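Chemist:
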Ligand code: LIP
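In structure tokens, the structure reads:
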């Protein structure tokens with residue numbers, strides 16, 4: 063696992079550098095709409111190509127699943143989001159990241175999230191803790207909603223009405239929230255204790271799985287995201303400070319009773 067971990071860190075840094083180069087000229091990016099409010103740019107494709115080329119060369123025995131080029135996930139699979147926060151990226155908003163997860167024996171073993179604008183590399187190996195730029199991080203231990211800041215995400219893949227109910231229910235607890243448009247990066251900030259949690263009714267595996275592993279290794283509670291089905295279809299996503307877990311689950315299950 064050590065060799066894959068070190069390689070994934072280096073690849074994420076290279077990918078982030080390439081993303082940053084494209085970002086500097088975002089106004090001239092070729093951008094397509096995959097679906098409503100779901101853009102993809104030449105930068106996403108170029109960065110995923112770079113990641114795939116490097117990892118396939120080093121680990122030809124592994125399989126791959128990427129947001130832009132898909133894949134055929136097998137027992138050992140790299141799950142790749144080249145630019146999480148594409149909607150920010152194509153507008154020139156500097157809040158996005160590269161997300162790489164390595165899954166083996168149906169468990170996330172390596173999670174890497176790199177924010178190239180802040181030059182912050184969030185990393186975790188299962189059972190070995192979570193780090194940012196090689197400094198260990200801990201999730202928030204806050205138990206007071208009035209002192210809490212929660213990350214939220216939403217998309218046209220899920221019910222807007224349920225999202226509004228979620229915002230209202232969170233605000234009623236006296237918690238404040240942020241919706242910043244990059245679920246993987248908000249999960250990384252949850253792991254670093256900067257947010258008391260992150261919730262989104264649906265994230266794809268490439269958005270969520272690296273960040274959820276980093277959150278778990280930082281001591282946060284995370285929901286049961288992973289199933290083989292979730293690998294290709296995504297799932298509901300929650301990470302939060304453990305002292306808030308029961309209250310957050312109770313609040314969210316009123317709107318999303320499938321959350322576990
Ligand atoms: C995005 C996520 C965001 C979600 C968007 C999209 P992308 O990932 O980071 O949280 O709300 O629908 O999935 O498409 O920028 O990689």
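In this note's numbering, the protein residues as written are 63 to 322.
Just so you know, even glycine gets a beta-carbon here, dropped at the ideal spot from N, CA and C.
Quick caveat: nothing in here was measured; it's all calculated off a predicted structure.
Pick out whichever of 238, 129, 121 and 247 has its Cα sitting closest to the Cα of residue 206.
Modeler: Position 144 of the chain shown, counting from 1, holds the residue named residue 206. Nearest of 238, 129, 121 and 247 to residue 206, Cα basis: 238.
Chemist: Where does the unbroken alpha helix (DSSP H) through residue 309 begin, and where does it stop?
Modeler: Here residue 309 corresponds to residue number 247 of the chain shown, with the count starting at 1. It spans 307-317 - the alpha helix (DSSP H) in which residue 309 sits, taken as one unbroken run.
Chemist: Quick check: is any heavy atom of the ligand LIP less than 6 Å from the C-beta of residue 217?
Modeler: As a position in the chain shown, residue 217 is number 155, starting the count at 1. Yes, Cβ of residue 217 sits closer than 6 Å to a heavy atom of the ligand LIP.
Chemist: Contact defined as beta carbons within less than 8 Å: I believe residue 214 pairs with residue 261. What is the distance between those atoms, to the nearest angstrom?
Modeler: Numbered from 1 along the chain shown, position 152 holds the residue referred to as residue 214. Numbered from 1 along the chain shown, position 199 holds the residue referred to as residue 261. Contact flag correct, Cβ pair sits at about 6 Å.
Chemist: Which one or two residues does DSSP pair with residue 94 in a beta bridge?
Modeler: Taking the first residue of the chain shown as 1, we reach residue 94 at position 32. In the DSSP output, where bridge partners are listed per residue, residue 94 has 102.
Chemist: DSSP three-state label for residue 260, please.
Modeler: For the purposes of this step, residue 260 is taken as the residue at position 198 of the chain shown. DSSP places residue 260 in strand when its eight states are reduced to three.
Chemist: Would you call residue 181 buried or exposed, if buried means 16 or more other Cβ atoms sit within 10 Å of its Cβ?
Modeler: Numbered from 1 along the chain shown, position 119 holds the residue referred to as residue 181. So residue 181 ends up on the exposed side.
Chemist: Looking at C-alpha atoms only, which residue of 317, 307, 252 and 71 is the closest neighbour of residue 183?
Modeler: Counting from 1 along the chain shown, the entry for residue 183 is found at position 121. Of 317, 307, 252 and 71, the residue nearest in Cα terms is 71.
Chemist: Starting from residue 299 and walking both ways along the beta strand (DSSP E), at which residues does that stretch end?
Modeler: Your numbering for residue 299 matches position 237 in the chain shown. Note, residue 299: beta strand (DSSP E), 297-302.
Chemist: Which two residues bound the contiguous beta strand (DSSP E) that contains residue 204?
Modeler: Numbered from 1 along the chain shown, position 142 holds the residue referred to as residue 204. Careful: residue 204 lies outside any beta strand (DSSP E) and carries neither H nor E.
Chemist: Buried or exposed: which applies to residue 152, given that a residue is buried once 16 or more other Cβ atoms fall within 10 Å of its Cβ?
Modeler: Sequence index remark: in the chain shown, residue 152 carries index 90 (1-based). Its Cβ being crowded by 16 or more others within 10 Å, residue 152 is buried.
Chemist: With a CB to CB cut of under 7 Å and the five nearest residues on each side skipped, what residues in its chain are close to residue 191?
Modeler: For the purposes of this step, residue 191 is taken as residue 129 along the chain shown, with counting starting at 1. Closer than 7 Å at the Cβ level, and outside the excluded window around residue 191, lie 198 and 279.
Chemist: Using 10 angstroms around the beta-carbon of residue 208, count the other beta-carbons present and answer buried if the total reaches 16, otherwise exposed.
Modeler: Here the question's residue 208 lines up with position 146 in the chain shown. Classification of residue 208: exposed, given that the 10 Å Cβ count is below 16.
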